[in-house]
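Inspection log for the structure reproduced underneath, given as structure tokens.
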Amino acid sequence: MEQKRTFSRNSSAGRPPLSGRRTPARGGTFGGSRRSPARGARKGQHIDISRFINKTVITEEAVVFVPEHLFKDFNIDARLKANILTKGYNEPTPIQDRVIPHILHGQDVVGIANTGTGKTAAFLVPLINKVLANPNKEKVLVLAPTRELAQQIEAELKEFVKGLKIFSVCCVGGAPIGRQINDLRYHNNFVIGTPGRIKDLIERKCLDLSGFKSVVLDEADRMLDMGFINDMKFLMSLMSKEDRHTLFFSATLSKEIEALIKDFLKDPVMVSVKTQDTSKNVEQDVVHIKAGEDKIEVLHNLLIQPEFKKVLIFGRTKHGVEKLSHSLVQRGFKAQSIHGDKNQGQRQRALDLFKKDVAQVLVATDVAARGLDIAGVSHVINFDIPETYDDYVHRIGRTGRAGKSGKALTFIG
Ligand code: ADP
Ligand code: MG
1 MEQKRTFSRN SSAGRPPLSG RRTPARGGTF GGSRRSPARG ARKGQHIDIS RFINKTVITE
61 EAVVFVPEHL FKDFNIDARL KANILTKGYN EPTPIQDRVI PHILHGQDVV GIANTGTGKT
121 AAFLVPLINK VLANPNKEKV LVLAPTRELA QQIEAELKEF VKGLKIFSVC CVGGAPIGRQ
181 INDLRYHNNF VIGTPGRIKD LIERKCLDLS GFKSVVLDEA DRMLDMGFIN DMKFLMSLMS
241 KEDRHTLFFS ATLSKEIEAL IKDFLKDPVM VSVKTQDTSK NVEQDVVHIK AGEDKIEVLH
301 NLLIQPEFKK VLIFGRTKHG VEKLSHSLVQ RGFKAQSIHG DKNQGQRQRA LDLFKKDVAQ
361 VLVATDVAAR GLDIAGVSHV INFDIPETYD DYVHRIGRTG RAGKSGKALT FIG
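Numbering of the sequence shown is given in the UniProt record's numbering, commencing with residue 1 and proceeding in unit increments.
Written out as structure tokens, the structure is:
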């Protein structure tokens, strides 16, 4: 459901920019290590844990994504385009591809997309463009659930606005408020922060939202989970819905989220994007391993439960897989293993025993398990976190096949 609608806005209030003010430098918060998930190249440690949890899934067919636009096709300021390219973004991610044109048209937008799909640039790029058209007046408020997220957004903003005289301040809890109060005395095009701190600053009369015509609620579902609902409502009430440009991003679409969308946005364009989704038949969750807890003990306690009928366990290394399989056999489980140190015959035999339900457990490395199609796997357990999100999707795709339901558990800790 996408409707076209444009409207012009006049920003009224607005403090003049303070000439000569420089944006404080932030030393390379994001090095080259940040990668695009669209390219599936994330190391396990960088996979957001929330991507291993999925109890209510909205799925669309996983298809290879071909963007409709390139960044150079967007109707945006040439200087901004240059900065985007310098940052190394060539093609937009799906959410960027689909929402940027609507935001450029001034429409309210709801973007539903998983973590790590490039939502930050999806709202920053068109909003920076808007600010560039009227830098002395245009002001944007960005609300995010956590300190780290707010800081991350500001860091990305700074890269996009290099040399463009666009100013920002990040207002988050846990950081000295005095400095934020001081920074707020100047003209800022972007105020980025967590709802609690922003509200505090308003109550101290250090921030006045009446001149803000654009607002982003990033990770709205998490803000809701974290109990920011009243702060969000309070902040939104300070800006008139009618001439406010509101952008709303969330990874999930629950009843509560829909209620917020109805409250906060007017005739929004709804864009739901799932790049590489996991089967809706697989319930995903994590198992937290506490300090001092033995992973094998935790695994043992799962495997003795009756519903763990046919369990595929993934480990990172051949050695680790072999060792784990031995430990399980010693504990009395019927376990087999497949990994690259076994010859084809041994692998086939292990697989057959698992397929025929002679073995309850098969422990495997990623490579050995590529393409395996085993009927009736009840659980996939990631004993070790997968290297990439693609590996994760592949692993858990071993269960929930052929219309059956399955469960995927990832050990983290
Ligand atoms: P989200 O907000 O959806 O969780 P982010 O905006 O944090 O996702 O982006 C995730 C990662 O993808 C970041 O490392 C970011 O730099 C990178 N990224 C975003 N858009 C692009 C793009 N168009 N091309 C390449 N990398 C991108
Ligand atoms: Mg984000």
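Quick reminder that beta carbons are idealized off the backbone N, C-alpha and C, glycines included.
Which of the three DSSP states, helix, strand or coil, is assigned to residue i?
i, result
"A375", "coil"
"K407", "strand"
"M236", "helix"
"L224", "helix"
"V66", "coil"
"I412", "strand"
"I49", "helix"
"N301", "helix"
"D285", "strand"
"L217", "strand"
"R398", "coil"
"L247", "strand"
"A259", "helix"
"V393", "helix"
"N343", "coil"
"V329", "helix"
"Q360", "coil"
"I385", "coil"
"F308", "coil"
"A291", "coil"
In angstroms with no decimal places, state the Cα-to-Cα distance between residue i and residue j.
i, j, result
"A144", "R316", "34 Å"
"S237", "S337", "59 Å"
"L265", "L235", "14 Å"
"D200", "P306", "52 Å"
"R222", "I192", "16 Å"
"D108", "S168", "22 Å"
"A291", "K162", "43 Å"
"P101", "A364", "45 Å"
"G14", "C206", "Low confidence applies here, because G14 scores a pLDDT of 34, under 50, leaving its location unreliable and the question unanswered by this model."
"N188", "K139", "7 Å"
"R185", "E68", "42 Å"
"K356", "K310", "10 Å"
"G320", "K241", "57 Å"
"M226", "I202", "20 Å"
"F123", "K137", "19 Å"
"Q54", "M232", "Rather than Gln, the amino acid found at residue 54 in this sequence is Asn. When rounded, the distance between both Cα atoms is 25 Å."
"V358", "I153", "52 Å"
"E256", "A220", "10 Å"
"Q360", "L353", "9 Å"
"H105", "R51", "32 Å"
"residue 414", "V215", "With the chain covering only 1 through 413, there is no way to say anything about residue 414."
"R331", "S405", "28 Å"
"L217", "D366", "38 Å"
"N343", "E283", "33 Å"
"E159", "K87", "7 Å"
"K165", "N134", "12 Å"
With 16 as the cutoff for other CB atoms within 10 Å, does residue i come out buried or exposed?
i, result
"D294", "exposed"
"G345", "exposed"
"Y389", "buried"
"V66", "exposed"
"I95", "buried"
"L247", "buried"
"P176", "exposed"
"A251", "buried"
"H288", "exposed"
"T399", "buried"
"N114", "buried"
"E297", "exposed"
"I84", "buried"
"residue 416", "One cannot answer for residue 416 here, as it falls past the ends of the chain, which runs 1 to 413."
"R204", "exposed"
"S210", "exposed"
"A259", "exposed"
"S325", "buried"
"G174", "exposed"
"N301", "exposed"
"K180", "In the sequence under discussion, the amino acid at residue 180 is Gln, which differs from the Lys named in the question. Buried."
"L70", "exposed"
"A82", "exposed"
"N129", "buried"
"K213", "buried"
Can you tell me whether residue i sits near the ligand MN, meaning its C-beta is under 7 Å from at least one heavy atom of the ligand?
i, result
"D48", "Absence of the ligand MN from the depicted structure is noted, with the ligand ADP and the ligand MG being the only ligands included."
Within 8 Å of any Cβ in chain C, is that where the Cβ of residue i sits?
i, result
"F71", "Checking the listed chains, one finds no chain C in this structure; it contains a single protein chain."
* Asked: Whole alpha helix (DSSP H) runs in the stretch 127 to 214 with 4 or more residues, listed along the chain?
  -> 147 to 160, 177 to 183, 195 to 203, all fully within the stretch 127 to 214.
* Asked: Curious, which full-length beta strand (DSSP E) runs of at least 3 residues does the stretch 73 to 124 contain?
  -> If we require 3 residues or more, the beta strand (DSSP E) runs fully inside the stretch 73 to 124 come out as 109 to 113.
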